[in-house]
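Here's the structure we're looking at; comments come further down.
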Ligand SMILES: [Fe+2]
Ligand SMILES: [Fe+2]
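In UniProt numbering, the protein residues as written are 1 to 344.
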C-alpha cells in the first residue's frame, strides 16, 4: 500500500548497516502501521533490524531444511520398488531442491548472500529441521515422511503464505502446492503397503511408529518454552503458536491413520468431546533438545554429505559464473558498434 510504504522505502539501509536517520521513529511507526493493516513488507521498505534478522534466521533455516531433507529420501531412489515409485520419488526430491532455491532467493532480498548462508549451515552456525537427523531404515519410511513430515510442513507453512514479509509469503504459495503433492504421495504409498502382505503392513506400521513423535516435534518447543514465538506473532511472521499448529496436525492425522488402517503410537491419544479436539501424550522434549544439539542419529552424516556435495559442485558454480560473464560481455558487445554508437 502506497502511503505507509512510501515512508518506509526511501534510503533503506543495507542489511546490518547502522541506522543514522533522524526519521527513525516515523519509519518505525509506518512499519508498525503497515503490519497492523496486514500490508506486505517488501525488500526496499524500511524494517527494524530485529525483524530483518529474525526473517534471515527463519528463512535460512527453512532453506537449509529443504536441501538437507533431500538426503534421507534420496537414500531410497536407487531402491524404489518400481519405475513409477522411482519417478515419483525423484520428482519429489527435486521439488525439495527447488524449495531450497526459492527460499535462498527470498533470504537474499534481505541483504545476505547465499554463500554466506551455506557457509553458516556447513559450519553449524545455522540449523535445519531436526527431523532430517533421523534415518530412513525401510522403503515405508518414504511413505511416512511424505504423509507425516510433509504433512507437518504444510500445517506450518500454509499460514506463512500470509506472512508479513512479501517474498517469503509468495515463495510459500508455490511451496505449499508442491508439499500437498508430497503429502498425498506418502499417504498413497503407505496405503498400498498397509493393504499389502502382512509383512508390508508391518513395515508401514513400524515406519509410522518411528516418525510420529519426531513429526510432532517439528512444530518446535511448547509455547511457554519458545523464545521467538511472541515477537514473531506480533510481527505477523507467524500467525499461530507452536502448540496450536501441533494440535491442528494431530486432529488432521487421527482420521487419516484410521483410513490407512494404521495406528498412531500413543496410548493417550483420544478424542476430547468437551474441547472438540484430541488429547495426546507427553512429547519427549529431552530427545528434541538432544537432537538439536547435534546428538541425533544422523546429524554428522547429513552435514558431512552436504559439505561434500557443495565441494563437488564447485566446478558447476565456476562454470555457471564463467558462462554468465561471457554472456554479459557478448551482450554488451552486441549493442555497441565499432563507432561506439549503440546499435538497435
Ligand atoms: Fe519442501
Ligand atoms: Fe516436501
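All C-beta atoms in this analysis are idealised placements derived from N, C-alpha and C, irrespective of residue type, glycine included.
Quiz item: If you run the structure through DSSP and keep just helix, strand and coil, what is residue 6?
Solution: Residue confidence is low: residue 6 scores 46 on pLDDT, short of 50, so the model does not pin down where it sits. Its coordinate-derived value is still stated next. It is helical.
Quiz item: Taking 7 Å as the line, does the beta carbon of residue 175 fall inside it for any heavy atom of ligand 1?
Solution: Checking the Cβ of residue 175 against ligand 1 gives yes.
Quiz item: Excluding the five sequence neighbours on either side, which residues of its own chain have a C-beta within less than 6 Å of the C-beta of residue 281, listed in chain order?
Solution: Counting only Cβ-Cβ distances below 6 Å, and skipping sequence neighbours, we find 266 and 268.
Quiz item: Quick one: Cα of residue 325 to Cα of residue 81, how far?
Solution: For residue 325 and residue 81, the distance between alpha carbons rounds to 44 Å.
Quiz item: DSSP on residue 275, reduced to helix/strand/coil?
Solution: Of the three classes helix, strand and coil, the one that applies to residue 275 here is coil, per DSSP.
Quiz item: With residue 249 and residue 219 assumed to form a contact (beta carbons below 8 Å), what rounded beta-carbon distance in angstroms separates them?
Solution: Right, the Cβ-Cβ distance comes to about 7 Å (below 8 Å), so this counts as a contact.
Quiz item: Does the segment 95 to 104 come close enough to the segment 47 to 56 that 3 or more CB-CB pairs lie under 8 Å?
Solution: No, because fewer than three Cβ pairs between the segment 47 to 56 and the segment 95 to 104 fall closer than 8 Å, the two stretches do not touch.
Quiz prompt | Assigned secondary structure, residue 270 (DSSP; H/G/I helix, E/B strand, else coil) | solution = In the structure shown, the three-state DSSP call for residue 270 is strand.
Practice problem: For residue 99, verify whether its CB is less than 7 Å away from any heavy atom of ligand 1. | Solution: Yes.
Quiz item: Among all residues, which have a Cβ less than 5 Å from at least one non-hydrogen atom of ligand 2, and in what chain order do they fall?
Solution: So the residues near ligand 2 by this Cβ test are 150, 179 and 182.
Quiz item: Nearest-angstrom Cα distance between residue 277 and residue 254?
Solution: Rounded to whole angstroms, residue 277 to residue 254 spans 10 Å at the Cα level.
Self-check item: From 27, 239 and 235, residue whose alpha carbon lies closest to that of residue 44
Solution: Looking at the Cα atoms, 27 is the closest of the given residues.
Quiz item: If we ignore side chains and look at the alpha-carbon of each, how far apart do residue 231 and residue 158 end up?
Solution: The straight-line gap from Cα to Cα measures roughly 19 Å.
Exercise. Give the C-beta separation of residue 214 and residue 131 to the nearest angstrom, bearing in mind that I take them to be a contact with Cβ-Cβ under 8 Å.
Key: About 5 Å separates the two Cβ atoms, so the contact holds.
Quiz item: Quick one: Cα of residue 270 to Cα of residue 279, how far?
Solution: Straight-line Cα distance between these residues: approximately 5 Å.
Quiz item: Which residues in the same chain as residue 251 place their Cβ atom closer than 7 Å to its Cβ, once the five residues preceding and following it in sequence are excluded?
Solution: Within the same chain, residue 251 has close Cβ partners 277 and 278.
Self-check item: Cβ-heavy atom distance, residue 66 to ligand 1, below 7 Å
Solution: Because some heavy atom of ligand 1 lies under 7 Å away, the Cβ of residue 66 counts as near it: yes.
Quiz item: Going by DSSP, which residues form a beta bridge with residue 41?
Solution: Looking at the DSSP output, residue 41 shares a beta bridge with 165.
Self-check item: Nearest to residue 73 (by Cα), restricted to the options 196, 217 and 302
Solution: Answer by Cα proximity: 302.
Quiz item: Between residue 89 and residue 142, is the Cβ-Cβ spacing less than 8 Å?
Solution: If you check the CB distance, residue 89 and residue 142 come in under 8 Å.
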